[in-house]
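Undergrad:
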Amino acid sequence: MLYFPLGVAGHVDHGKTTLVKALTSIDTDRLPEEKRRGMSIDIGFAFLDFPSENLRVEIIDLPGHERFIKNATCGLAPVWGLMLVVDACEGVMPQTLEHIRIARTFGINRLITVLSKIDKVDEETSELAKEEVKDLLSKEGLIYSGIYKVSANTGTGIEDLKKGILTYAKENLKDKRKDFFLFFVDSAFVVKGYGTVVRGSCVSGEVLEGEALVLEPLGVKCKVRKMQNHGLFVKEGRSGERLALNLPELDPSLVQRGHFLIKEGQFKKSSRVIVRLDSEMPKGLGYAFFGMREVSLKHRKLIENVYLLKLSEEVVTLRGYKGPVLNSSGEFLGGYEVLHPFPSRLSKRFILDRIHLLVDNPEEYLLLERGIMGLSPKDLSSFYGRPYPSLPSGAISIGNMLYHKGAFSSLKDRLLRELSESNGLVKVSQLTSKLRIKEEVLGLILKELRDYIIVEGYLLDIKSSNLEELDGYKKLMSLLSEGLKEERELLPLKEYLHIALRKGHAYSLGSYLYVSKELFEEYVNRLRSLGKEFSIGQAKEVLSFSRKYLIPLLEYMDSLGITKRLGDRRVFLR
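Given below as structure tokens:
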């Protein structure tokens, strides 16, 4: 089944809750205080099914009184569409305007409109109300998908409205099933025999019974034991769906409205975000809604309408997410759009010099921001809230990290320059400190280079370094100066042997014998004392070698063109 979350907004007493009941047979006023006062105080929930379309419209009824505007804002956070209800008798009122402006900050620009209580006015009055609504929406830059005249009391227009809701929902459905799982929590309570139940809206992704989740920003791990959608047990939940999740490990007293449920390792939480505003920021302390969570903030203006926000607590958000901003008195000011959900470099100069990239080419901005530390594909996916499909333009992949081509090339040049100035041998700790990189990053760079190796805490250039400073190398050469050595004798010094061979300080005689350059030359000279040519017996007598060692030595001399085998004798060629 597909799900479409729809908010129902409008001024107090304009008939929202009565209309929802007429559409769904569900009374969304569930609190005793709401029953007593005949007025919605908190958000309410219902659903409207269209079986032939395999579609369920998840309805969130918003309180219309100005005193409960923050509750209404919470209800608007998870919806994808809005049904604006206007009393045909009263027309547009203050909360009518405020609700649609807040909805717009969440990215809702198209809505469906209802003129309610149509049975209480004549045709002329209803037409005036209709024109007033049209003018309002036009001035606010909103698109409406029909204006329906309805009476919840008589049933007039209800069926037409249902058809309109179906069309509107189908036109504005979002496929977020492949996005990372994000769940906005609106309440928690205890059910006997089950334990803690957390209720809320699945904003994106999917969740299965038995899956592990994390409650953020607390970082508390939990597991889905059972789940329901409007009282019916389900095995999976998906984007757009209202869910009640049974999470026995959670202490319900810790859970607050506006907390987030996510899957571990998908989203990153942060108390710093860079946003673009459609209005001026409040002076001093302000507030913003991230999902259903109201968070206080301080801000620093970067340029024009771009700000760095310092939040009072960590939030889970992503690139492109939108929401409202309020002043210290709780008055609605305008909306924000997230440009960067977790900036790691907060220098105003760095941001200003690259703000055009953050706006138009965020992948390159992220690569430059992480610089020589590298950007993990995981962070790139967290930035967008979904798996990132390919290597960003201008990036190189080394190991499991991504680097900006320019930044990585510059780092490699600096490293080579440091080695050159240190005669090819420098302490790793000194190098990483000077370049301000981790040793793991150094290892990634070395994979791109030849003839460089880390030994005894030193990075060395095999070709130009002064190896005599290395204790292990000294020990190796001392052993090789004693005579021919088998590989098994040199295993503890194998890494040094590799360097000695590359440097030409030692030779490999076949697959298991090694000799130093100096000793090899001494052996050759001793054989030269036998004259222009010699036999194996003469060589054995001069060198005192067994055939096991002598034959590999003579064959190596042949391979170098020093000698040539003629029958049972060898002739010097040079």
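Numbering (my numbering), first residue to last: 20 to 593.
Backbone N, C-alpha and C define an ideal beta-carbon position, used for all residues, glycine too.
1. Classify Ala-96 as helix, strand or coil using the three-state DSSP reduction.
2. Cβ of Val-378 within 9 Å of Cβ of Arg-433?
3. Are there 16 or more other CB atoms within 10 angstroms of the CB of Val-104, so buried, or fewer, so exposed?
4. Flag this pair as touching only if the segment 305–324 and the segment 408–428 have three or more C-beta atom pairs under 8 Å; answer yes or no.
5. What are the start and end residues of each continuous beta strand (DSSP E) run of 3 or more residues lying completely inside the segment 294–359, in chain order?
6. Tell me whether Leu-50 sits in a helix, a strand or coil according to DSSP, three-state version.
7. Any contact between the segment 235–243 and the segment 152–169? By contact I mean 3 or more CB pairs, one from each, below 8 Å.
8. Would you tell me roughly how many angstroms separate the C-alpha atoms of Leu-337 and Ala-122, rounded to the nearest one?
9. Between the alpha carbons of Asp-297 and Val-76, how many angstroms are there, rounded?
10. Quick check on Glu-501: does DSSP put it in helix, strand or coil?
11. Would Tyr-526 and Tyr-515 be called neighbours here (beta carbons separated by less than 9 Å)?
12. Got a sec? Which residues, its chain only, sit under 8 Å from Lys-457 by beta carbon, not counting five neighbours each side?
13. Measuring only the C-alpha atoms, how far is Leu-365 from Glu-151?
14. According to DSSP, simplified to helix, strand and coil, what is Ala-188?
15. Let me know the beta strand (DSSP E) ranges lying completely inside the segment 376–422, each 3 residues or longer, listed in chain order.
16. Classify Val-66 as helix, strand or coil using the three-state DSSP reduction.
17. Is it buried or exposed for Asn-248, if we count other Cβ within 10 angstroms and need 16 for buried?
18. Using alpha carbons as the reference points, say which of Gly-94, Ile-137, Leu-438 lies closest to Asp-480.
19. So for Asn-265, helix, strand or coil by DSSP?
20. Restricting to Cα atoms, I'd like to know which of Ile-119, Val-543, Ala-207, Glu-230 is closest to Ile-607.
21. Please return the same chain residues whose Cβ sits closer than 6 Å to the Cβ of Arg-545, not counting the five positions on each side in sequence.
22. Who are the near neighbours of Leu-192 in its chain, counting only those whose CB is closer than 7 Å to its CB and skipping five residues on each side?
23. Am I right that Phe-203 and Met-102 are in contact with their C-beta atoms under 8 Å? What's the rounded C-beta distance?
24. If distances are taken between C-alpha atoms only, which option among Ile-322, Glu-488, Ala-188 comes closest to Leu-67?
25. What separation, rounded to the nearest whole angstrom, lies between the Cα atoms of Glu-178 and Leu-185?
26. Going by CA-CA distance only, name the one from Ser-395, Ser-363, Met-300 that's closest to Glu-356.
TA: Here's the rundown:
1. Within the sequence shown, residue 96 is the residue found at index 77, counting from 1. Three-state DSSP puts Ala-96 in coil, outside helix and strand.
2. Taking the first residue of the sequence shown as 1, we reach residue 378 at position 359. Taking the first residue of the sequence shown as 1, we reach residue 433 at position 414. A distance of 9 Å or more separates the beta carbons of Val-378 and Arg-433.
3. By 1-based counting over the sequence shown, the position of residue 104 is 85. By the neighbour-count rule (16 or more Cβ atoms within 10 Å), Val-104 is buried.
4. Contact fails: fewer than three Cβ-Cβ distances are below 8 Å.
5. Listed in chain order, the complete beta strand (DSSP E) runs (minimum 3 residues) inside the segment 294–359 are 305–309, 312–322, 325–335, 341–345, 351–359.
6. Numbered from 1 along the sequence shown, position 31 holds the residue referred to as residue 50. Low local confidence applies: a pLDDT of 47 at Leu-50 is under 50, so the model's placement there is unreliable, and no value is given.
7. Flag = no, the segment 235–243 and the segment 152–169 do not touch.
8. Translated into positions along the sequence shown, residue 337 becomes position 318. Translated into positions along the sequence shown, residue 122 becomes position 103. Looking at the two C-alpha atoms, the distance is approximately 18 Å.
9. Stepping through the sequence shown from its first residue, residue 297 is reached at position 278. Stepping through the sequence shown from its first residue, residue 76 is reached at position 57. Between Asp-297 and Val-76, the C-alpha separation is close to 30 Å.
10. Looking up residue 501 in the sequence shown gives position 482. Of the three classes helix, strand and coil, the one that applies to Glu-501 here is coil, per DSSP.
11. As a first step, residue 526 must be located in the sequence shown, where it is residue number 507. As a first step, residue 515 must be located in the sequence shown, where it is residue number 496. Cβ atoms of Tyr-526 and Tyr-515: not closer than 9 Å.
12. Here residue 457 is taken as the residue at index 438 of the sequence shown, counted from 1. Hits under 8 Å: Met-392, Thr-451.
13. Counting from 1 along the sequence shown, the entry for residue 365 is found at position 346. Counting from 1 along the sequence shown, the entry for residue 151 is found at position 132. A direct Cα-Cα distance of roughly 47 Å separates Leu-365 from Glu-151.
14. For the purposes of this step, residue 188 is taken as residue 169 along the sequence shown, with counting starting at 1. Note: Ala-188 maps to helix in three-state DSSP.
15. Unbroken beta strand (DSSP E) runs of no fewer than 3 residues, entirely contained in the segment 376–422, are found at 414–417, following chain order.
16. Taking the first residue of the sequence shown as 1, we reach residue 66 at position 47. Before going on, a small fix: residue 66 reads as Phe here, not Val. Note: Phe-66 maps to strand in three-state DSSP.
17. If you number the sequence shown from 1, residue 248 lands on position 229. With 16 or more other Cβ atoms from the protein chains shown falling within 10 Å of its own Cβ, Asn-248 counts as buried.
18. Taking the first residue of the sequence shown as 1, we reach residue 480 at position 461. The shortest CA-to-CA distance from Asp-480 to any of Gly-94, Ile-137, Leu-438 is the one to Leu-438.
19. The residue you call residue 265 lines up with position 246 of the sequence shown. In this structure, Asn-265 counts as strand in the three-state DSSP scheme.
20. The structure shown does not extend to residue 607, since the chain is modelled only from 20 through 593, so no value can be given for it.
21. Within the sequence shown, numbered from 1, the residue matching residue 545 stands at position 526. Around Arg-545: Val-561.
22. As a working note, residue 192 is residue 173 in the sequence shown. The answer, listed in chain order, is Leu-21, Phe-23.
23. The residue labelled residue 203 in the question sits at position 184 within the sequence shown. The residue labelled residue 102 in the question sits at position 83 within the sequence shown. With a Cβ gap of about 20 Å, Phe-203 and Met-102 do not count as contacting.
24. Locating residue 67 in the sequence shown gives position 48, counting from the first residue. Considering only alpha carbons, the answer is Ala-188.
25. Counted from its first residue, the sequence shown places residue 178 at position 159. Counted from its first residue, the sequence shown places residue 185 at position 166. Approximately 11 Å between the Cα atoms of the pair.
26. Taking the first residue of the sequence shown as position 1, residue 356 is located at position 337. The closest CA to that of Glu-356, considering only Ser-395, Ser-363, Met-300, is found on Met-300.
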